[in-house]
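Remarks on the structure that follows.
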Ligand code: NDP
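In the UniProt record's numbering, the protein residues as written are 1 to 249.
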């Protein structure tokens with residue numbers, strides 16, 4: 001019996017990186033998982049891996065900018081697995097990068113919609129089911145960027161990620177006594193598709209590695225392990241936190 005036995009989780013941004021590793025880890029610890037992203041073939045591969053290992057998973061292909069996707073994920077969790085106990089709202093994009101003077105209104109809106117408004121949609125539809133669970137965990141993937149440090153060219157991204165901290169703290173104040181712990185997970189630089197995009201030149205890579213006391217980026221599995229801690233009863237007195245897994249930024 002794993003530490004998430006008899007639990008059901010939604011993981012958004014599960015087609016690659018941190019979400020992919022977290023979905024596999026949650027399932028290996030006994031959770032049923034609903035995995036969400038736009039790239040269906042990658043989700044299918046993930047579901048196959050989980051099922052082959054004896055777990056249970058279903059895929060929902062969709063864009064988290066659409067409220068209907070948040071609603072559908074909860075419906076699938078209830079219909080296939082009988083409820084919802086864990087929501088790892090992790091989907092994100094670097095979005096509109098560059099000097100703020102060059103960022104368009106559309107680019108800014110798309111970044112905020114993908115990283116922050118999606119979390120509002122998810123939480124809004126997940127919270128009633130999480131309250132029914134009685135012992136639930138709601139996690140948002142924020143970032144060291146915009147909290148621990150400001151990095152040039154990342155204004156839209158940093159703003160969206162800082163917003164998630166406010167959302168997590170507020171929901172923790174509102175829902176912790178109702179059995180839903182709410183936390184913001186704060187990864188440092190992580191070797192994923194996004195991590196590669198943010199460090200595309202050797203100079204950029206060296207700069208980002210150098211920000212961390214450990215002088216390297218995280219592996220996505222290292223961040224997934226922290227998500228597992230926040231998802232499980234091992235963190236039963238952790239709520240409203242900004243939970244840093246950042247190699248010492
Ligand atoms: P990846 O690029 O590997 O993963 C991003 C995930 O988000 C993918 O599964 C992608 O799926 C999904 N996604 C993006 N946009 C949408 C959308 N509109 N609708 C649905 N799903 C979407 O990077 P990471 O694993 O690193 O990113 C995971 C989270 O970690 C993000 O929120 C990121 O901001 C955060 N983070 C990352 C850091 C890093 O250095 N890598 C550092 C700190 C935080 P698909 O494209 O299939 O839709």
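Don't be surprised by glycine CBs; every beta carbon is placed ideally from N, CA and C.
- Judged by DSSP in its simplified three-state form, residue 219 adopts coil rather than helix or strand.
- Under the DSSP assignment, residue 114 falls outside any alpha helix (DSSP H); it carries neither an H nor an E label.
- Under the three-pair Cβ rule at 8 Å, the region 2-17 counts as touching the region 74-91.
- At a cut-off of 7 Å, the beta-carbon of residue 44 does not count as near the ligand NDP: no heavy atom of the ligand is closer than that.
- For residue 181, the enclosing beta strand (DSSP E) has its first and last residue at 180-187.
- The closest heavy atom of the ligand NDP lies less than 7 Å from the beta carbon of residue 193.
- Remark: C-beta atoms of residue 119 and residue 140 approach each other more closely than 8 Å.
- Within the chosen limit of 7 Å, the ligand NDP does not reach the beta carbon of residue 221 with any heavy atom.
- In the DSSP assignment, residue 167 falls within the unbroken alpha helix (DSSP H) covering 155-175.
- In the structure shown, the three-state DSSP call for residue 3 is coil.
- Around the beta-carbon of residue 207, fewer than 16 other beta-carbon atoms lie within 10 Å, marking it exposed.
- Burial of residue 69 is indicated by the presence of at least 16 other C-beta atoms within 10 angstroms of its C-beta.
- For residue 65, there is no enclosing beta strand (DSSP E), since its DSSP letter is neither H nor E.
- When DSSP states are grouped into helix, strand and coil, residue 57 belongs to the strand group.
- Pairing residue 96 with residue 110 gives a Cβ-Cβ distance under 8 Å.
- Judged by the Cβ position, residue 19 qualifies as a neighbour of the ligand NDP at the 7 Å threshold, a heavy atom of the ligand being closer than this.
- Per DSSP, the beta bridge partners of residue 244 are 186.
- Here residue 181 is buried: its Cβ has 16 or more other Cβ atoms, across all protein chains shown, within 10 Å.
- Secondary structure in the region 73-131: the beta strand (DSSP E) runs of 3 residues or longer, each lying completely within the stretch, are 86-89 in chain order.
- Counting C-beta atoms within 10 angstroms of its own C-beta, residue 142 has 16 or more neighbours from the protein chains shown and is therefore classed as buried.
- Excluding five sequence positions before and after residue 55, the CB atoms of its chain that fall closer than 6 Å to its own CB belong to 27, given in chain order.
- In this structure, residue 29 sits near residue 4, with a CB-CB distance shorter than 8 Å.
- Under the DSSP definition of a beta bridge, residue 9 partners with 33 and 86.
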